[in-house]
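So in UniProt numbering, spot 92 of the sequence shown is number 92, and the numbers just go up one at a time.
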Amino acid sequence: MMQLEMILFATTCKVKINDSVADGEPCVTAFSFQTSFYGLDSWDKRQAELFNWRKIVADYPEFDVFLSGIFSPFLIDQRKSIAPSSMQSIGSAIAVMACISTFFLPDMQSVFVMTWSLLSISCGVCGFLSIWGSDLDSVSMGCIVMAIGLAVDFSIHICYKYHRSEEKNARLKVINTLAVVGYPVLQAGLSTLIAMVSLPLIKAYLVRVFFQTVVLVNVIGLLHALVWLPQILSALDPIDRVPLRRKHQMIENVN
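This is the structure in structure tokens:
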């Protein structure tokens with residue numbers, strides 16, 4: 001009886017008692033209580049703890065136990081499917097970008113390099129977002145898909161100019177490409193970074209993830225466009241060949 005009174009006066013417990021009993025003793029028909037956890041500083045740990053509680057509850061169906069209000073179960077259930085959904089969305093976005101680029105860049109080598117660059121930038125953004133402390137959720141997934149649209153600008157301009165260059169060897173093509181579009185690409189990236197300067201002042205999760213994503217895609221995109229892409233394009237194009245525009249002129253002259 002003393003234990004029952006302690007439960008009745010506990011602030012974190014609620015007990016429902018059936019008073020209509022024959023022997024006069026109180027009969028507990030239902031009760032609820034709250035508990036706290038420590039060390040669950042990430043959604044991955046909270047997800048594992050919630051699934052563990054659900055497993056324990058499922059082992060004792062005769063008690064009709066119900067978990068209520070623990071770690072926002074809707075968000076945790078959403079996290080269970082967010083990883084495959086993110087992979088599908090990111091893969092679809094990259095595939096669509098690659099297909100559309102074939103209409104503007106009719107060279108399979110350039111399309112392959114551009115697609116590889118998009119995939120590399122996306123992987124870099126995802127990795128550094130994780131290091132920066134962002135979780136994989138619907139907000140970060142949307143920002144990553146948006147980042148693919150920003151990343152394609154860095155890749156397509158370099159690949160297109162290299163493909164359309166009038167120079168005959170790879171070294172001169174790289175020099176011509178960087179001389180023509182290198183500075184505009186650098187200006188675009190730096191101006192976007194400058195526009196993001198005020199966002200860290202806003203203490204909101206969505207704004208923080210958006211800021212991190214835009215900064216990462218611009219920094220990684222500039223490295224790809226100005227450093228790695230020219231090297232890869234020149235390595236895959238080591239021999240002299242007739243420029244595309246001159247080749248079309250030769251075909252027209254023959255006809």
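We put the CB at the ideal spot given by N, CA and C, even for glycine. All of these numbers come straight from a predicted model, not from anything done at the bench.
**Request:** Pull up the DSSP beta-bridge partners for serine 32, would you.
**Result:** DSSP, once it has assigned bridges, lists Lys14 as partnering serine 32.
**Message:** I need the boundaries of the alpha helix (DSSP H) containing tryptophan 116, first residue and last residue.
**Reply:** Note, tryptophan 116: alpha helix (DSSP H), 108-131.
**Prompt:** Nearest CA to the CA of glycine 189: which residue from Ile82, Leu216, Val96 and Ala30?
**Reply:** Taking each of Ile82, Leu216, Val96 and Ala30 in turn and checking the Cα distance to glycine 189, the smallest one comes out for Leu216.
**Request:** Return the chain-ordered list of same chain residues with a C-beta closer than 6 Å to the C-beta of valine 139, the five sequence neighbours on each side being excluded.
**Result:** Closer than 6 Å at Cβ, skipping near neighbours: Leu206 and Val209.
**Asked** Contact check, tyrosine 160 vs lysine 173 under 8 Å by CB: the rounded distance?
**Response** Rounded, the Cβ-Cβ distance is 12 Å, inconsistent with contact.
**Request:** Note the first and the last residue of the continuous alpha helix (DSSP H) segment covering proline 230.
**Result:** It spans 229-236 - the alpha helix (DSSP H) in which proline 230 sits, taken as one unbroken run.
**Message:** Going by C-alpha to C-alpha distance, which of Ala151, Glu166 and Tyr183 sits closest to isoleucine 121?
**Reply:** Answer by Cα proximity: Ala151.
**Prompt:** So phenylalanine 224 and serine 134 are in contact, right, with Cβ under 8 Å, and what is the actual spacing, rounded?
**Reply:** The amino acid at residue 224 is misidentified as phenylalanine; the sequence shows histidine. Contact doesn't hold; Cβ gap of about 21 Å is too wide.
**Asked** In chain order, what residues of the same chain lie with their CB nearer than 6 Å to the CB of asparagine 52, ignoring the 5 residues before and after it?
**Response** No residues qualify anywhere along the chain.
**Message:** Is the beta carbon of valine 145 closer than 8 Å to that of isoleucine 90?
**Reply:** Taking 8 Å as the cut-off, the beta carbon of isoleucine 90 is found closer than this to the beta carbon of valine 145.
**Prompt:** Starting from alanine 170 and walking both ways along the alpha helix (DSSP H), at which residues does that stretch end?
**Reply:** Looking at the DSSP string, the run of the alpha helix (DSSP H) that includes alanine 170 is 170-177.
**Message:** Per the DSSP calculation, residue 262 is bridged to which residue(s)?
**Reply:** Lying before the first or after the last residue shown, residue 262 is absent from the chain, which here runs from 1 to 255.
**Message:** Does the contact criterion of 3 or more C-beta pairs under 8 Å hold for the region 91-98 versus the region 106-117?
**Reply:** Between the region 91-98 and the region 106-117, the count of C-beta pairs closer than 8 Å reaches three or more; the two stretches touch.
**Request:** Would you mind stating whether arginine 54 and leucine 40 have Cβ atoms separated by less than 8 Å?
**Result:** No. Outside cutoff.
**Prompt:** If you run the structure through DSSP and keep just helix, strand and coil, what is valine 217?
**Reply:** In the structure shown, the three-state DSSP call for valine 217 is helix.
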